[in-house]
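Structure first, then comments.
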Amino acid sequence: MASPSELATERSHSKPLGIRFWEYIKKAKLSYKSHQAVVLIVTFFAYTTYHATRKTTSIVKSALDPQSSAAGLKFPWRITYLSSPAETQRRSWVLGDGWAPFNGSDGTALLGQLDVAFLAVYAIGMYFSGHLGDRMNLRIFLTVGMIGTGLFTSLFGVGYWANIHSFYYFLIVQMIAGLFQSSGWPSVVAVVGNWFGKKKRGLIMGIWNAHTSIGNITGSLIASTLLSYGWGWSFVVPGLLIAFMGILVCLLLPVSPESVGADRQEEEDDAVDSPKKKREGVAEPLLGSHTEMKEIAVGFIEAWRIPGVAPFAFCLFFAKLVAYTFLYWLPYYIGHTAGNLSTFFDVGGVLGGILAGHISDRLDARAITAATFMYCAIPALYFYRSYGHISFAMNIALMFICGMFVNGPYALITTAVSADLGTHSSLNGNSKALATVTAIIDGTGSVGAAIGPLLTGYISANSWSAVFMMLMAAALVAGLLLTRLVVAEVAARISETRSQGRPQSRSQEPELNV
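Numbered by my numbering, the letters in the sequence shown go through residues 1 to 514 in order.
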């Protein structure tokens with residue numbers, strides 16, 4: 001058995017190099033709250049770069065396939081080219097020329113294949129990433145994923161300078177990029193979940209989850225700005241950015257308090273003083289939280305059996321179906337020239353994520369909050385389709401509202417809910433399920449993210465009204481899937497209210513007898 005001095009030495013060597021250097025310069029150990037600040041900042045910018053690289057493709061589509069002026073072009077899978085016809089290959093490129101093989105009659109179909117291939121591999125990889133993340137050093141795992149994502153995102157752009165016109169080159173690069181991308185979300189949620197208890201987790205993670213929308217906005221602005229210099233730059237610059245951020249993650253990110261010898265006492269004291277903690281004896285929360293860590297990782301099947309995982313996972317399937325349909329098709333729907341206008345959907349998503357997190361904290365009811373937002377998304381989608389064309393201002397306002405209600409529950413489920421379930425009371429304090437649970441929930445959601453844009457391609461060829469009907473139906477199903485959990489949370493609130501009234505009535509009885 002290792003002595004305390006040996007354990008202290010081992011912990012110091014497991015600290016990120018950047019933190020060890022900072023503590024050496026300051027001649028003092030970082031406090032628990034300082035470590036929390038580092039975790040939030042580093043993971044925020046890390047996943048911002050993930051989404052920036054992911055958003056690039058939807059912006060560059062219009063440059064690769066400029067002939068598709070209508071958003072509802074035919075989408076069925078058709079002929080794919082090993083290489084483009086000789087007469088279409090060029091050594092020089094001007095914005096508006098397109099790029100073979102995507103500038104042909106079936107360019108939209110080929111771009112659709114890239115989207116589906118990326119999202120399919122991403123969804124499958126998510127399940128394996130969560131399993132590996134709970135069994136590896138998350139800092140190293142996240143670093144490898146970010147550098148790999150940067151490499152293959154850049155390789156897609158290299159096709160511009162290398163004059164590559166093979167569809168299969170771009171397809172394979174996108175698939176491998178999707179595999180590396182799947183390492184990101186389970187890792188960052190697990191790290192944040194390790195450092196933050198359930199108190200204010202919804203609000204903190206709601207604000208922190210703004211990285212998704214900010215990443216989309218950043219990716220859109222970078223890609224659209226660099227298009228005039230050659231579409232390759234729209235991939236290479238975000239690729240280099242995420243690789244650089246991956247190096248910073250390796251140098252700075254502390255994956256857990258135990259890994260750096262941080263004292264949890266400060267966080268535990270806050271939790272004890274919390275009024276919600278004092279009421280825990282009344283009714284155990286559906287999504288409980290424990291901070292004690294064990295070494296044994298939870299298996300994949302065991303993680304599925306945690307109460308609440310399956311309903312939230314399938315809810316996210318339909319929520320991400322709606323969100324990613326907007327992500328990939330909104331620039332087409334509003335027109336190629338207004339691609340940057342779609343960022344208002346992401347701005348609304350930032351507010352929606354913060355509101356959903358704050359409300360769920362105040363009510364201590366994740367399911368009620370998520371279901372309510374999904375139900376509110378239905379009329380928001382209807383009004384956007386029916387009245388979004390009236391004026392520019394109306395389009396922006398309704399798009400903002402849609403983003404708020406669609407991305408609100410999406411953000412809540414992928415962050416606070418995943419972290420809550422990853423530390424559920426049924427695990428008896430074992431937090432080594434965080435990455436696995438996060439991967440199950442977001443992986444299932446990512447299957448919906450792949451199916452949504454695919455179905456939209458087929459349905460939009462006939463009617464965009466039918467597309468919005470599909471999205472409204474998906475939002476309805478997402479809300480209904482949480483019905484059992486909503487009922488349980490309502491029952492818990494009623495039980496709390498009754499139990500709070502009993503001691504008060506007993507304390508008044510002696511006064512009445514006197």
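Heads up, the beta-carbon is just placed ideally off N, CA and C, and yes, glycines get one too.
Just so it is clear, the structure is predicted and the values come from calculations on it, not from any experiment.
- When the five nearest sequence neighbours on each side are left out, the beta carbons in the same chain lying within less than 7 Å of the beta carbon of residue 394 are those of 387 and 388, in order along the chain.
- Remark: C-beta atoms of residue 213 and residue 407 approach each other more closely than 9 Å.
- For residue 206, the closest alpha carbon among the candidates 450, 487 and 410 is that of 410.
- In the structure shown, residue 30 adopts coil according to DSSP, grouped into three states.
- Distance from the CA atom of residue 203 to the CA atom of residue 359, rounded to whole angstroms, is 8 Å.
- Secondary structure in the segment 177–211: the alpha helix (DSSP H) runs of 4 residues or longer, each lying completely within the stretch, are 184–195 and 201–208 in chain order.
- By the criterion of a C-beta distance shorter than 7 Å, residue 456 is surrounded in its chain by 325, 329 and 467, once the five residues flanking it on both sides are discounted.
- About 18 Å separates the beta carbons of residue 178 and residue 236, which is beyond the 8 Å limit, so they are not a contact pair.
- Scanning its chain for C-beta atoms nearer than 6 Å, with the 5 sequence neighbours on each side dropped, one finds around residue 365 the residues 489, in chain order.
- Taken atom to atom, the span from the alpha-carbon of residue 448 to that of residue 112 is near 15 Å.
- Burial of residue 216 is indicated by the presence of at least 16 other C-beta atoms within 10 angstroms of its C-beta.
- The residue among 343, 258 and 151 with its C-alpha nearest the C-alpha of residue 244 is 151.
- Taking a contact to require three or more Cβ pairs closer than 8 Å, the segment 171–185 and the segment 123–133 qualify as touching.
- Cβ contact annotation for residue 231 (same chain, cutoff 6 Å, sequence separation greater than five): 60, 63 and 160, in chain order.
- Looking only at 39, 104 and 146, the smallest Cα-Cα distance to residue 247 is reached by 146.
- Ranked by Cα distance from residue 242, the first of 372, 195 and 56 is 56.
- In the structure shown, residue 164 falls within a coil segment according to DSSP collapsed to helix, strand and coil.
- A distance below 9 Å separates the beta carbons of residue 260 and residue 16.
- Taking the Cα of residue 345 as reference, the smallest distance to any Cα among 382, 379, 396 and 304 is reached at 396.
- Listed in chain order, the non-local C-beta contacts of residue 481 below 7 Å within the same chain comprise 311, 314 and 315, local neighbours out to five positions each way being set aside.
- Of the residues 321, 184, 479 and 415, the one whose Cα lies closest to the Cα of residue 453 is 321.
- Comparing C-alpha distances from residue 318 to each of 438, 128, 183 and 474 shows the shortest one belongs to 474.
- Look at residue 131 here: in three-state DSSP terms it is helix.
- In summary, residue 254 is buried, with 16 or more beta-carbon neighbours lying within 10 Å of its beta-carbon over all protein chains present.
- In the three-state scheme derived from DSSP, where H, G and I count as helix and E and B as strand, residue 103 is classed as coil.
- For residue 367, the uninterrupted alpha helix (DSSP H) run begins and ends at 366–387, by DSSP.
- In this structure, 373 is the residue among 361, 362 and 373 with its C-alpha nearest to the C-alpha of residue 348.
- Rounded to whole angstroms, the Cβ separation of residue 377 and residue 405 is 4 Å, and the two are in contact under 8 Å.
- Here residue 135 is exposed. Its C-beta has fewer than 16 other C-beta atoms within 10 Å.
- Taking C-alpha positions only, residue 50 is separated from residue 251 by approximately 18 Å.
- By alpha-carbon distance to residue 353, the top candidate from 484, 403, 115 and 443 is 403.
- Cα atoms of residue 350 and residue 306: separation of roughly 29 Å, rounded to the nearest angstrom.
- Distance between residue 34 and residue 491, taken at the CA atoms: about 39 Å.
- Non-local C-beta neighbours of residue 472 in its own chain, meaning closer than 7 Å and more than five positions away in sequence, comprise 378, 381 and 382, ordered along the chain.
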